[in-house]
Amino acid sequence: MNRGLTRLANVRHARCMRSDDTMKQRMRTPGRVAIIGAGHVGATFAFALVRSGAAAEVVIVDIDPARAEGEAMDLDHVVPFGRPVRIEVGGYEACAGADVVVITAGAGDLRKGETRLDLAVRNAIVFREVVPRVVDAAPDAVFVVATNPVDVMTMLTRELAGIASSRVMGSGTVLDTARLRFLLAKRFDVDAANVHAHVIGEHGDSEVIAWSTANVGGVQLDELVTPIPFDDVERDAMARTTREAAYEVIARKGYTSFAIAGALVRIVTAIMRDERAVLSVSSPVSGAYGLTGVCLSLPSIVGRDGVERVLNLALDVPERVALARSAEAIRASAVSAGLDAFTSRERAR
Ligand code: NAD
Numbered sequence: 147m148n149r150g151l152t153r154l155a156n157v158r159h160a161r162c163m164r165s166d167d168t169m170k171q172r173m174r175t176p177g178r179v180a181i182i183g184a185g186h187v188g189a190t191f192a193f194a195l196v197r198s199g200a201a202a203e204v205v206i207v208d209i210d211p212a213r214a215e216g217e218a219m220d221l222d223h224v225v226p227f228g229r230p231v232r233i234e235v236g237g238y239e240a241c242a243g244a245d246v247v248v249i250t251a252g253a254g255d256l257r258k259g260e261t262r263l264d265l266a267v268r269n270a271i272v273f274r275e276v277v278p279r280v281v282d283a284a285p286d287a288v289f290v291v292a293t294n295p296v297d298v299m300t301m302l303t304r305e306l307a308g309i310a311s312s313r314v315m316g317s318g319t320v321l322d323t324a325r326l327r328f329l330l331a332k333r334f335d336v337d338a339a340n341v342h343a344h345v346i347g348e349h350g351d352s353e354v355i356a357w358s359t360a361n362v363g364g365v366q367l368d369e370l371v372t373p374i375p376f377d378d379v380e381r382d383a384m385a386r387t388t389r390e391a392a393y394e395v396i397a398r399k400g401y402t403s404f405a406i407a408g409a410l411v412r413i414v415t416a417i418m419r420d421e422r423a424v425l426s427v428s429s430p431v432s433g434a435y436g437l438t439g440v441c442l443s444l445p446s447i448v449g450r451d452g453v454e455r456v457l458n459l460a461l462d463v464p465e466r467v468a469l470a471r472s473a474e475a476i477r478a479s480a481v482s483a484g485l486d487a488f489t490s491r492e493r494a495r
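Start counting the sequence shown at 147; every next residue gets the next number (the numbering used here).
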């Protein structure tokens with residue numbers, strides 16, 4: 147082999163080594179996940195996580211230790227059907243060594259006559275107790291918040307945790323996006339994996355569907371040939387069904403659990419395997435679309451260090467206006483829940 151080719155071969159070899167190392171790091175051994183709150187969401191997520199094989203160790207913490215223990219015992223008995231996973235229970239200190247901490251703890255769901263804001267105030271009391279103690283135990287973990295109102299609770303967690311901002315995210319609209327993709331997949335009779343669409347903004351009533359960028363396999367929705375055109379009336383109905391899905395499920399079974407558990411497994415897997423997957427998690431907006439001072443959902447690259455980058459969707463004007471309105475709804479809710487300092491500090495950045 148001549149010298150030039152040898153050098154070329156060496157360079158290629160070095161490049162392969164580098165990408166092999168990166169791949170190895172990405173595919174590293176499944177680690178330790180701590181789950182705070184073993185209610186409907188926490189327990190269902192624990193089950194889905196154990197079945198997924200994405201974690202080697204799962205720690206369950208609940209203010210009701212018997213409940214955590216019962217769930218852990220039940221989960222122990224599912225381990226023989228899959229990959230080995232060690233299930234532990236304990237206090238907040240048991241989170242030590244966790245790669246990811248998922249917070250689902252909350253003071254129950256909406257009570258009769260209560261607003262979402264009342265729920266934020268009640269859950270803020272829980273978070274002020276939980277977050278500092280868990281951060282003490284697991285200062286290097288990435289934190290994923292599921293407790294509602296999730297955007298406000300993500301802001302509060304960032305405020306209380308005092309760790310790099312990228313390492314705190316909310317499950318945001320990952321669930322709403324899945325609901326939308328399910329509906330679009332059914333409507334166009336394709337695999338949901340080939341539906342690319344995002345719900346952005348608040349995980350809640352002011353959420354926004356980025357219709358202008360939605361596509362199936364790269365083809366815009368209004369260019370897809372179907373016997374009945376996908377018109378504005380149908381689009382609005384689909385937006386409403388997506389937005390109100392949780393209320394419909396809760397009206398029938400009393401709570402939601404499976405889909406949020408699936409969303410959490412997706413987020414946690416992306417972190418643990420350093421997938422750099424694009425997911426619509428909730429994180430602080432810092433100037434995108436002229437917005438600051440709140441956490442909300444936008445498609446973001448999620449990897450080992452948390453939210454690695456927030457992507458800029460080419461939104462049309464009505465979508466930008468709706469997103470600004472959504473940010474305002476979150477901000478109002480956050481301020482009323484006592485997070486004024488967060489919103490003004492983030493705005494000043
Ligand atoms: P749940 O009442 O069944 O469970 C909450 C659990 O938190 C209970 O087991 C409770 O004992 C525990 N807990 C309370 N205080 C605690 C503390 N200080 N430390 C440890 N544990 C504590 O409620 P759920 O149905 O599991 O819902 C949990 C949260 O998830 C709610 O806020 C709900 O609105 C939210 N949720 C979010 C999404 C989403 O997409 N983000 C979807 C569904 C539900």
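Note that CB positions come from ideal geometry on N, CA and C, so glycine has one too.
### Task
Please say whether Val440 and Ala385 have beta carbons closer to each other than 8 Å?
By 1-based counting over the sequence shown, the position of residue 385 is 239. By 1-based counting over the sequence shown, the position of residue 440 is 294. No, Cβ-Cβ distance for Ala385 and Val440 is not below 8 Å.
### Query
Assuming Glu176 and Ala202 make a contact with CB atoms under 8 Å, what is their CB distance in whole Å?
Stepping through the sequence shown from its first residue, residue 176 is reached at position 30. Stepping through the sequence shown from its first residue, residue 202 is reached at position 56. Here residue 176 turns out to be Pro, not Glu, going by the sequence shown. Contact flag correct, Cβ pair sits at about 4 Å.
### Query
Around the Cβ of Ile374, are there at least 16 other Cβ atoms within 10 angstroms (buried) or fewer (exposed)?
The residue you call residue 374 lines up with position 228 of the sequence shown. Burial call: exposed.
#### Entry: Closer than 7 Å: Ser479 CB and nearest the ligand NAD heavy atom
Translated into the one-based positions of the sequence shown, residue 479 becomes position 333. Flag unset: Cβ of Ser479 not near the ligand NAD.
### Query
Name the DSSP bridge partner or partners of Asn361?
Position 215 of the sequence shown, counted from the first residue, corresponds to residue 361. His342 and Gln366.
### Message
My output table needs one value for Glu271: the three-state DSSP class, helix, strand or coil.
### Response
Numbered from 1 along the sequence shown, position 125 holds the residue referred to as residue 271. Glu is not the amino acid found at residue 271; the sequence shown has Ile there. Helix.
### Message
Closer than 8 Å is the cut-off here; do at least three beta carbon pairs connect the region 176-186 with the region 206-220?
### Response
yes
### Contact check, Ala180 vs Cys241, beta carbons under 8 Å
Locating residue 180 in the sequence shown gives position 34, counting from the first residue. Locating residue 241 in the sequence shown gives position 95, counting from the first residue. Contact: yes.
### Task
Can you check DSSP and say which residues form a bridge with Cys441?
By one-based count along the sequence shown, residue 441 stands at place 295. BP columns for Cys441 point to Pro430.
### Task
Would you please state the rounded distance, in angstroms, between the beta carbons of Gly449 and Arg422? I believe it to be under 8 Å.
If you number the sequence shown from 1, residue 449 lands on position 303. If you number the sequence shown from 1, residue 422 lands on position 276. Sure, about 4 Å apart at Cβ, within 8 Å.
### Message
In whole angstroms, give me the CA-to-CA distance for Val246 and Asn269.
### Response
Start at 1 with the first residue of the sequence shown, and residue 246 comes out as number 100. Start at 1 with the first residue of the sequence shown, and residue 269 comes out as number 123. Rounded to the nearest angstrom, the two C-alpha atoms are 21 Å apart.
### Message
Which same chain residues end up closer than 7 Å to Ser482 when comparing Cβ atoms and leaving out the 5 residues on each side of it in sequence?
### Response
Along the sequence shown, read from residue 1 onward, the residue named residue 482 stands at position 336. Excluding residues within five positions, the ones whose Cβ falls inside 7 Å are Leu263.
### Task
Indicate whether the contact test is met: 3 or more Cβ pairs, each with one atom in the region 278-291 and one in the region 466-473, closer than 8 Å.
no
### Message
Can you tell me whether Ala423 is helix, strand or coil according to DSSP?
### Response
Along the sequence shown, read from residue 1 onward, the residue named residue 423 stands at position 277. The answer is strand: DSSP assigns Ala423 an E or B state.
#### Entry: Distance, Asp210 Cα to Met219 Cα
Along the sequence shown, read from residue 1 onward, the residue named residue 219 stands at position 73. Along the sequence shown, read from residue 1 onward, the residue named residue 210 stands at position 64. Cα to Cα, the separation comes out at about 15 Å.
#### Entry: Coil, strand or helix - Val528 by DSSP
Residue 528 lies beyond the residue range present for the chain, which begins at 147 and ends at 495; the question has no answer from this structure.
### Query
Mind checking whether Ile249 and Thr319 have CB atoms under 8 Å apart?
Here residue 249 corresponds to residue number 103 of the sequence shown, with the count starting at 1. Here residue 319 corresponds to residue number 173 of the sequence shown, with the count starting at 1. No; because the gap between Cβ atoms is not below 8 Å, this pair is not in contact.
### Query
In this structure, does DSSP put Phe376 in helix, strand or coil?
On the sequence shown, residue 376 is found 230 positions in, with the first residue counted as 1. Note: Phe376 maps to coil in three-state DSSP.
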